[in-house]
Amino acid sequence: MTDRIDKRRVYLDHNATAPVRPQVIESMASVMSHVGNPSSVHAEGREARRLVEEARSSVAALVGAEPRSVVFTSGATEAANWALSPTTHLTGGRADTRLCLMSAVEHPAVRGGHRFHPALVGEIPVTAQGALDIDAFRLLLDDAEGEVRDGSIIVAVMAANNETGVVQPAEDVAEIVRSRGHIMLCDAVQVAGRLPIDMGATAFDMVTLSAHKIGGPAGIGALVFGPDERVTAEPFLRGGGQEQSRRGGTENIAGIVGFGVAAALAREEAGQVCKISVLRDSLEEGLATISPDVTIYGAEAVRLPNTTCFTAPGLNAETAVIAFDLAGMAVSSGAACSSGKVAPSHVLRAMGVDAETARGAIRVSLGWNSSRADIDAFLAVWQDMRMRSGAAADGVHAA
Ligand code: PLP
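Residue numbers (numbering that gives the first Met the number 0): 0 to 398.
Below is the structure:
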């Protein structure tokens with residue numbers, strides 16, 4: 000089953016998607032040979048229901064939620080599209096949510112505010128280290144409250160950024176949001192399985208999750224509601240009464256089961272972040288030794304234990320990613336590629352990095368199968384690249 004992971008390659012792009020864990024593949028293969036619709040009353044249907052509910056409990060445990068509060072979706076993008084709507088409101092409270100505020104470094108799955116008119120979406124700035132500016136947030140919230148008067152505001156702040164790994168003060172933001180009677184959505188996609196999350200101990204109203212970032216399959220995720228369920232999100236996908244009539248469509252049973260197995264394994268690992276942070280720290284020490292002029296974005300902020308986003312003078316990320324690929328390793332550039340145009344990362348731009356420098360950012364992200372040998376291989380290629388670029392630059396100077 001593990002043969003599909005090419006052992007000659009070094010995969011250092013877990014924040015984009017993690018390799019599917021062998022146990023996940025096995026569980027999904029066995030479920031796919033089982034017939035049954037979880038809504039059917041016969042034995043096959045009841046077995047399918049049992050598998051779905053077992054996975055729901057496992058996903059709930061990953062984030063300290065109640066199983067009934069986990070609603071499976073096709074991924075975190077759908078979950079965010081569902082949650083970010085003026086029809087999402089406080090249960091039994093103010094019917095309309097009038098405005099949406101979000102950090103300037105949200106993932107495109109959240110950015111833009113979806114079903115809110117763009118004029119009703121405000122951006123909260125971040126510091127040069129990439130963490131949300133909490134004082135600026137308080138001021139924006141004061142202004143927003145002045146505008147909406149008797150309506151609610153939905154605030155979306157991710158738990159940690161996918162490009163820099165910077166951990167956001169999302170829990171503090173949620174406390175403020177709740178104390179002022181508004182709604183809090185947290186994109187926990189990159190934190191799940193990397194740092195412990197306990198929804199019971201936070202004021203998050205809704206959290207989005209994605210299976211493929213934790214070694215599960217792509218195409219499955221969840222919107223998880225806080226234990227007090229103080230928010231009602233009107234269904235985005237209407238259909239049969241699946242998922243307690245919150246999300247229509249026959250359940251993706253194999254995907255859900257794979258998500259459940261990945262969540263159980265990721266939960267064990269979230270308690271042992273030390274191993275991965277030791278690898279990441281040695282990667283950063285190696286980078287700094289080889290090129291003392293390297294800049295690590297968010298280095299002074301609290302970061303995920305698995306992510307390094309860096310640049311060095313003269314580095315062109317697009318060329319570097321290709322060079323790493325040819326050398327047998329997968330890393331990402333910090334640039335966002337859409338419609339054939341490579342734009343500088345909005346995350347780095349929000350941190351005040353100029354467009355040209357932002358185009359030179361490389362992201363390395365580790366995960367469940369990363370090893371010391373991967374770090375050594377990466378540093379060897381980096382050393383080679385820097386030597387060549389130094390030699391090329393010397394050539395230019397000599398000419
Ligand atoms: N949020 C973050 C922070 C992500 O990194 C991603 C994945 O790229 C998403 C949301 C979207 O997740 P999905 O691919 O499940 O829609």
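Don't be surprised by glycine CBs; every beta carbon is placed ideally from N, CA and C.
Every value quoted in this text rests on a predicted model; they were computed, and no experiment measured them.
As computed with DSSP, V363 is found in a beta bridge with T307. Between V176 and M183, the beta carbon gap of about 4 Å places them in contact (Cβ cut-off 8 Å). Secondary structure note for F224: its beta strand (DSSP E) is the uninterrupted segment G220 to F224. In its chain, beyond the 5 residues on either side, V70 and P234 have a beta carbon closer than 7 Å to the beta carbon of R245. Within the DSSP bridge table, the entry for F71 names A221 as partners. The beta carbon of A262 sits closer than 6 Å to those of S57, V58 and L61, all from its chain and outside the five residues before and after it, given in chain order. In this structure, M157 has its CB closer than 7 Å to one or more heavy atoms of the ligand PLP. Here the distance from the Cβ of G220 to the nearest heavy atom of the ligand PLP is below 7 Å.
In this structure, the C-beta of V23 stays at least 7 Å away from each heavy atom of the ligand PLP. According to the DSSP assignment, V104 belongs to no beta strand (DSSP E), since it is labelled neither H nor E. Sorting I255, A82 and G238 by C-alpha distance to the C-alpha of R49 places I255 at the top. Taking T318 as the centre and dropping the five residues before and after it, the same chain places no C-beta closer than 7 Å to its C-beta. Beyond the five residues adjoining it in sequence on each side, L236 comes within less than 7 Å, by CB distance, of R246, G247 and G248 in the same chain, given in chain order. Inside the stretch 266 to 329, DSSP marks whole beta strand (DSSP E) runs of 3 or more residues at positions 306 to 310, from first to last along the chain.
By the Cβ rule, the stretch 197 to 205 does not count as touching the stretch 345 to 361, because fewer than three pairs are nearer than 8 Å. C-alpha of F136 to C-alpha of R7: approximately 47 Å in a straight line.
Relative to the non-hydrogen atoms of the ligand PLP, the Cβ of G74 comes within a distance shorter than 7 Å of at least one. The C-beta separation of L378 from G285 comes to about 4 Å, placing the pair in contact by the 8 Å criterion.
For A155, the uninterrupted beta strand (DSSP E) segment begins and ends at S151 to A155. The continuous stretches of alpha helix (DSSP H) do not include T207, which lies in the beta strand (DSSP E) extending over residues M205 to S209. Within its own chain, the residues whose Cβ lies closer than 7 Å to the Cβ of A221, once the five positions on either side in sequence are excluded, are V58, V69, V70, F71, T72, A78 and L208, listed in chain order.
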